[in-house]
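So the protein lines, in turn, are chains R and Y.
Just remember that the working numbering sits 1406 ahead of the position in the first sequence, which is counted from 1.
Just remember that the working numbering sits 675 ahead of the position in the second sequence, which is counted from 1.
For each residue, glycine too, the CB sits at the ideal point set by N, CA and C.
Computed from a prediction, not measured in an experiment: that's the story for all the values here.
Read the structure below first, then the notes.
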Amino acid sequence: MTRSRMIAAICLLVLGLVAAGPVVAQDKPPLIVGAIYVGSVNDYGYNRSMKDGLEAMKKAIPGLKLIEAENVPETAESERVMEGMVQQGAKLIFATSFGHQQFAFNVAKNHPDVVFEHAGGWMQAPNFGNFFGATQAAWYPMGVAAGKMTRSNTLGFVVGVPIGYAIGNVNAFEMGARSVNPKAETRVVVTGGWSDKAKEAAAANALIDQGADVVTMHVDSPATIIQVAEGRSMSSIGFQSVEARELAPKHWITGLGFTWGPFMTETAKSVIAGTFKPAMVREGLGQMMTIAPFGPEVPANVRQLVTASGDRIEKGFNPFTGPVTDNTGAVKIAAGESWGGDKMGNFDWYVEGVIGKAK
Amino acid sequence: MNPALIVGVVAGSIMSGTSLLYATLGEVVGERAGIVNLGLEGIMLIGAASGFAATALTGSPYLGIVAAALAGAAANMIFAYLVVGRHANQLATGLSLMFFGIGMSALIGRPFVGVLITGLPRLPVPGFAPGEVGARLLSYDILVYLAAPVSLFTWWLIFRTRWGLGLRTVGESPAAAFAAGLNPQKLQYQALTFAGALGGIAGAHISVALTLTWAEGMTAGRGFIAIALVIFAKWNPLWAIAGALLFGGVEGLQLQLQAAGADVSPFVMNMTPYLLTLLVLIVWGWSRQSVAPAALGRNFVGVE
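Encoded structure:
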């Protein structure tokens, strides 16, 4: 028993080392910024998008110093990592995963002179704000791209966990597809987790077996699904980081990526100037979101359509304007009504044209 | 039921059943020697991480598989030393090994997150045009083609060789084996080396052939399903083939049914493999003639 305990202790040590990550010191920068990621920044997904945003901020403010920690679990462990960053002089900390919220908030209470920004949450304090992309409407142009590119009129969507926001993404995608191709249907497969790679591979294969020739996803990292589609010569549309196009050099159509850089830069500048004001920031295409470069197979007229549709969304077009019916024929958003903001978390139904059950 | 669904389920069950089969075969051999290894999940993770790392470093997925087998065997040697050499409790040590595997694989895999690899190539049976049913049904990697021969080999090893007879004797009664002039500890070490290598290969099939990515914890409980499969297979490598195909098939089927638009909640769908596991354990529990090795889980500490 003592030996098995020893092994357990070693395991904890190894996990601790993995979680803590390296940190180094330097002198007199205008601002030290700390950032914690829940995964690796090389995931071609969510964490990569955060990393890219922070690098853009670093570039925009000369001399700014960035302290980062990857694989920070969504537990009290993250408090210790953030405390460490404060000890090293960080005056602004980005807690980039949804589950970091409470822990970042706890650290913020102990350090009123340090500003915290959390991605995706709702908590507020004088030194605690939050931000996220308004993703749903931004999926509409992705649907336009898919609707134009499909030959089978069948689109495949792998969803990790069917929360309201993810269902909203699927809905806007299908509405975009229908706007250019009334025959387009979206088939949905739920894997039940944000990061079960083997199931994601099987789900992508299942969608392709059922006739989908364009595959897209809402999971943590698009890497597996895009590679499965590419391996079977099917088109893919990415989500989270626009860099995912490297995974599908031939059949990539386009993708939806986060661009956190401008917001992070503005926040850092306001902290340096001492003018920081907490807010709940939610921004869509043109601000926190962008359309990825197109793949080689996408013809010019499709590129124009997609870009035009993106511009329309940017200028305030809301696809969730009634009447909108669900896939059983019931009217869910009445004529004259429209859904936006917080309502995006309320979807528990799919729009007409989506093949799948939401609950 | 549409034909594409059936083809998809068959192909899917073969693909996702393969890693389950290798893991199950390894566990069968270990349990035939009287040792339960609950750390199989950790061994698979170490295999997945080292296989992916070696593939990324050398550019050869085949070397990746070899590295995964060696890493799995080496990690299982830690377990063997504690359980066989030091008589530590098998269940507690197995669970510790699982946690060790989770941490160790994260450490090995960390520099390789997001690295692009050329996965284990598919070797299609010639004569089918792309898009034909045959092209989907008969195009697999080398580990899939070898899965059935390896099962047969394992069966032969256990039931048709002198070594296997010794192994089974140790699993039934180490004292009797000892009295017959066998060295139970040596046989257990050998069995666990074999089991570790197969567990490592099982993990590498997920990272190097199925998903072409490394992510922490990516085996997602398949090591534990393999342990349940050993019971389903009644400690017989040939039954393990059926079990792995069945479980691979259930996972494939529920995803295919969702894609086909079946009128069932996705939450229920995602539970089916685990419901099946419970069902198997209940049904098998009814059959009274037990086939489990008699000394399973008990440590042999010598004879007075």
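Start-to-end residues for the beta strand (DSSP E) that takes in residue i
| i | result |
| --- | --- |
| M1695(R) | M1695 to I1697 |
| F1500(R) | L1498 to A1501 |
| A1475(R) | K1471 to A1475 |
| F1645(R) | S1641 to Q1646 |
| G1658(R) | Residue identity differs from the one stated: residue 1658(R) is Trp in this sequence, not Gly. Counting along the chain, the beta strand (DSSP E) containing W1658(R) begins and ends at W1658 to F1664. |
| R1688(R) | M1686 to E1689 |
| G1562(R) | T1560 to V1565 |
| E1591(R) | E1591 to V1596 |
| V1621(R) | V1620 to H1624 |
Proximal residues to residue i (C-beta, below 8 Å), its chain only, five neighbours per side dropped
| i | result |
| --- | --- |
| Q1432(R) | Low confidence applies to Q1432(R): its pLDDT is 46, below 50, so where it sits in the model is not reliable, and the reading given next is rough at best. Result list for Q1432(R): K1471, in chain order. |
| I916(Y) | L696, A822, A823 and S826 |
| F1579(R) | W1545, Y1546, M1548, G1549, A1552, L1561, F1563, T1592 and T1622 |
| Q931(Y) | L680, G683, V684 and G687 |
Residue-level contact to chain Y via CB, residue i, 8 Å cutoff
| i | result |
| --- | --- |
| M1407(R) | With a pLDDT of only 42 at M1407(R), under the threshold of 50, the placement of this residue in the model should not be trusted, and no figure is reported. |
| G1690(R) | no |
| N1448(R) | yes |
| S1558(R) | no |
| K1675(R) | no |
| S1601(R) | yes |
| I1643(R) | no |
| P1702(R) | no |
| Q1542(R) | no |
| T1592(R) | no |
| W1711(R) | Note that residue 1711(R) is Leu in the sequence shown here, rather than Trp. Cβ-Cβ to chain Y under 8 Å: no for L1711(R). |
| K1554(R) | no |
| Q1633(R) | yes |
| N1611(R) | yes |
| V1586(R) | no |
| D1830(R) | In the structure as shown, chain R begins at 1407 and stops at 1765. Residue 1830(R) is therefore absent and cannot be evaluated. |
| V1687(R) | no |
Own chain residues within Cβ distance below 7 Å of residue i, not counting five before or after
| i | result |
| --- | --- |
| I777(Y) | G717, L720 and G892 |
| M1407(R) | Because the pLDDT at M1407(R) is just 42, under 50, the model does not fix this residue reliably, and the point stays unresolved. |
| P1428(R) | Residue placement at P1428(R) is poorly supported in this model, since its pLDDT is 48, which falls under 50; the coordinates still yield a value, given next. Hits under 7 Å: none found. |
| V648(Y) | Because chain Y spans 676 through 979 in this model, residue 648(Y) falls outside it and cannot be assessed. |
| M773(Y) | L713, G714, E716 and G717 |
| I881(Y) | S694, A723, M893 and T894 |
| S688(Y) | L920, G923, G924 and G927 |
| W1666(R) | S1455, M1456, G1459 and M1694 |
Nearest-angstrom Cβ-Cβ length linking residue i and residue j, presumed shorter than 8 Å
| i | j | result |
| --- | --- | --- |
| V905(Y) | V684(Y) | Rounded, the Cβ-Cβ distance is 24 Å, inconsistent with contact. |
| P1547(R) | V1712(R) | 5 Å |
| I900(Y) | L818(Y) | In fact, because the Cβ distance is near 18 Å, the residues do not count as touching under 8 Å. |
| A744(Y) | G875(Y) | 5 Å |
| T1560(R) | R1593(R) | 6 Å |
| G1566(R) | V1625(R) | 4 Å |
| L885(Y) | M690(Y) | 7 Å |
Contact set for residue i: own chain, Cβ-Cβ below 6 Å, skip 5 residues either direction
| i | result |
| --- | --- |
| A1501(R) | I1442, A1510 and H1524 |
| L873(Y) | Y697, L700 and G701 |
| Y1571(R) | M1750 and G1751 |
| T1696(R) | G1663 and T1665 |
Extent of the continuous alpha helix (DSSP H) to which residue i belongs
| i | result |
| --- | --- |
| N1448(R) | First-last for N1448(R): undefined, no H or E at that position. |
| F942(Y) | P941 to M944 |
| I900(Y) | R897 to F907 |
| E1606(R) | K1603 to D1615 |
| R707(Y) | P678 to R707 |
| M773(Y) | Q765 to G784 |
| T1630(R) | A1629 to G1637 |
Any chain R beta carbon closer than 8 Å to residue i
| i | result |
| --- | --- |
| V939(Y) | yes |
| Q865(Y) | no |
| G800(Y) | In the sequence under discussion, the amino acid at residue 800(Y) is Val, which differs from the Gly named in the question. Not one chain R Cβ lies under 8 Å of V800(Y). |
| V819(Y) | no |
| L953(Y) | no |
| T699(Y) | no |
| L718(Y) | One point to set straight first is that residue 718(Y) is Ile, not Leu, in the sequence displayed. Judged by the 8 Å Cβ criterion, I718(Y) is not in contact with chain R. |
| S890(Y) | According to the sequence displayed, residue 890(Y) carries Ala and not Ser. By this cut-off, A890(Y) is an interface position. |
| I881(Y) | yes |
| N974(Y) | no |
| S691(Y) | yes |
| L860(Y) | Checking the sequence, you will find Gln at residue 860(Y) rather than Leu. No, Q860(Y) does not count as interfacial toward chain R. |
Starting from the N-terminal side, write out each stretch of the alpha helix (DSSP H) that is 4 residues or longer and does not extend beyond the segment 787-815 of chain Y.
-> 808-812
At 3 residues or longer, and completely inside the segment 1702-1745 of chain R: list those beta strand (DSSP E) runs for me, N to C.
-> 1737-1739
Give, in chain order, every unbroken run of the beta strand (DSSP E) that is at least 3 residues long and sits entirely within the segment 1496-1555 of chain R.
-> 1498-1501, 1521-1525 and 1534-1539
Completely contained alpha helix (DSSP H) runs for the segment 818-850 of chain Y, where each covers 4 or more residues = 837-847
Length-filtered (4 minimum) alpha helix (DSSP H) runs lying within the segment 855-940 of chain Y | 859-879, 897-907 and 912-935
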